[in-house]
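Working notes, structure below.
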Amino acid sequence: APPALPVLTARHLHVHYGGFIALDGVDLVLSPGRIAAIVGPNGAGKSTLFHCLAGTLRPARGSVRLGGRDITALPAHARTRLGIARTFQELAVFPSLTVAENVRVGAEQGRSSDAGAVERTLRLLGLDGPVRALPAAGLPTGTLRRVELARVLAGGPRVLLLDEPAAGLDTAEVAALARVLKALAADGTALLVVEHDLDLVAGLADVVHVMTAGRIVASGPPERVLEVLETEDGR
Ligand code: ADP
Ligand code: MG
Numbered sequence: 706a707p708p709a710l711p712v713l714t715a716r717h718l719h720v721h722y723g724g725f726i727a728l729d730g731v732d733l734v735l736s737p738g739r740i741a742a743i744v745g746p747n748g749a750g751k752s753t754l755f756h757c758l759a760g761t762l763r764p765a766r767g768s769v770r771l772g773g774r775d776i777t778a779l780p781a782h783a784r785t786r787l788g789i790a791r792t793f794q795e796l797a798v799f800p801s802l803t804v805a806e807n808v809r810v811g812a813e814q815g816r817s818s819d820a821g822a823v824e825r826t827l828r829l830l831g832l833d834g835p836v837r838a839l840p841a842a843g844l845p846t847g848t849l850r851r852v853e854l855a856r857v858l859a860g861g862p863r864v865l866l867l868d869e870p871a872a873g874l875d876t877a878e879v880a881a882l883a884r885v886l887k888a889l890a891a892d893g894t895a896l897l898v899v900e901h902d903l904d905l906v907a908g909l910a911d912v913v914h915v916m917t918a919g920r921i922v923a924s925g926p927p928e929r930v931l932e933v934l935e936t937e938d939g940r
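Residue numbers are given in the UniProt record's numbering: position 151 of the sequence shown equals residue 856, and the series is strictly consecutive.
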């Protein structure tokens, strides 16, 4: 398929914490139907970049555009309304609400809150059985990750940002997650995944960006970029 026009464009992002430079001029483009991954060592700036895209951090310099619109100054909740959804590395669900209620809240916070979205999303994530009526508190991590993903998907995002979505999942759950993310991309969603699990990245991403010390130092298809990484690691 011909490359689609970018939906999210970050240009020359700079972030510093006091005198420490966390992002040193990062450019990134996300396109509909494509899965981009960010990999790199701890402290590279992956989460800082993620926060700049989600709107939880304002860069000192640089811009973030959604479609034609400059959203650099927009806070996170306003970006959610415009269709940028994110999940949290630390799970963020309402413990006292049921699975279905959590997903309904997500539908209301998002871009489109059509009546069928909650049911469709529960089905997509395999949460339409008896579990839908259970309070989120006490559910296993794998289920909670699906609830969180369902919560943000119910809002009908155009851009989905995922920080370590495979953390705490077993092999079967990771495979199921990969299937869901690919289905979303096939549906036209633009995805960005920050992930430690290089096997997941290799099987999932269309393009991988390697970050080191606040910069993107390599970008390309996983078979090329990850091979270089593994060689450098001596593995
Ligand atoms: P990654 O997600 O790649 O591990 P981060 O974006 O979390 O990296 O952090 C990049 C660097 O910025 C790290 O050296 C980290 O210690 C530092 N850092 C992150 N957040 C803050 C903060 N709020 N204040 C000071 N330094 C921070
Ligand atoms: Mg991080």
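The beta-carbon is built from N, C-alpha and C at its ideal position, and this holds for glycine as well.
- Query: Is the closest heavy atom of ligand 1 to the C-beta of A727 under 8 Å?
  - Reply: Between ligand 1 and A727, a heavy atom-to-CB distance of less than 8 Å is present.
- In the region 773 to 799, which residue ranges form an unbroken alpha helix (DSSP H) of at least 4 residues, counting only runs that do not cross its ends? Taking only runs of at least 4 residues, the alpha helix (DSSP H) segments lying wholly in the region 773 to 799 are 781 to 787.
- Query: Tell me which same chain residues have a C-beta within less than 8 Å of the C-beta of L802, skipping the five on either side of it?
  - Reply: V810, P840 and A841.
- Any non-hydrogen atom of ligand 2 closer than 8 Å to V731 Cβ: No - ligand 2 has no heavy atom lying nearer than 8 Å to the Cβ of V731.
- Message: Can you find the residues in the same chain that come closer than 8 Å, C-beta to C-beta, to R786, ignoring five residues on each side of it along the sequence?
- Response: Result list for R786: Q814, G815 and R816, in chain order.
- Excluding five sequence neighbours on each side, which residues of the same chain lie with their C-beta closer than 7 Å to the C-beta of G750? Correct list, in chain order: A727, L728, M916 and G919.
- Message: Please classify E900 as buried or exposed, where buried requires at least 16 other C-beta atoms within 10 Å of its C-beta.
- Response: It is buried - the Cβ of E900 has at least 16 other Cβ atoms within 10 Å.
- Message: In the DSSP output, which residue or residues are listed as bridge partners for L735?
- Response: The secondary-structure analysis by DSSP pairs L735 across a beta bridge with L713.
- Message: I'd like to know if the region 904 to 913 and the region 740 to 747 are in contact, where contact means that at least 3 CB-CB pairs between them fall below 8 Å.
- Response: Contact holds: three or more Cβ-Cβ distances are below 8 Å.
- Task: Select from L858, G834 and F793 the residue whose C-alpha is nearest the C-alpha of G821.
- Result: Residue L858 is the option with its Cα nearest to G821.
- Query: For R856, which option in L713, H719, P800 and V769 has the closest C-alpha, if you only look at C-alpha atoms?
  - Reply: Residue P800 is the option with its Cα nearest to R856.
- Would P926 be called buried (16 or more neighbouring beta carbons within 10 Å of its own) or exposed? With fewer than 16 other Cβ atoms inside 10 Å of its own Cβ, P926 counts as exposed.
- Task: Run the CB neighbour count on P845, radius 10 Å, all protein chains shown included, and call it buried at 16 or more, exposed below.
- Result: If you draw a 10 Å sphere on the C-beta of P845, you find fewer than 16 other C-beta atoms in it, and that means exposed.
- Message: List, from N- to C-terminal side, the beta strand (DSSP E) runs of 3 residues or more that fit wholly inside the region 910 to 938.
- Response: Secondary structure remark: continuous beta strand (DSSP E) runs of at least 3 residues inside the region 910 to 938, in chain order: 912 to 917 and 920 to 925.
- Item | According to DSSP, residues forming a beta bridge with T803 | Beta-bridge annotation (DSSP): T803 is paired with P840.
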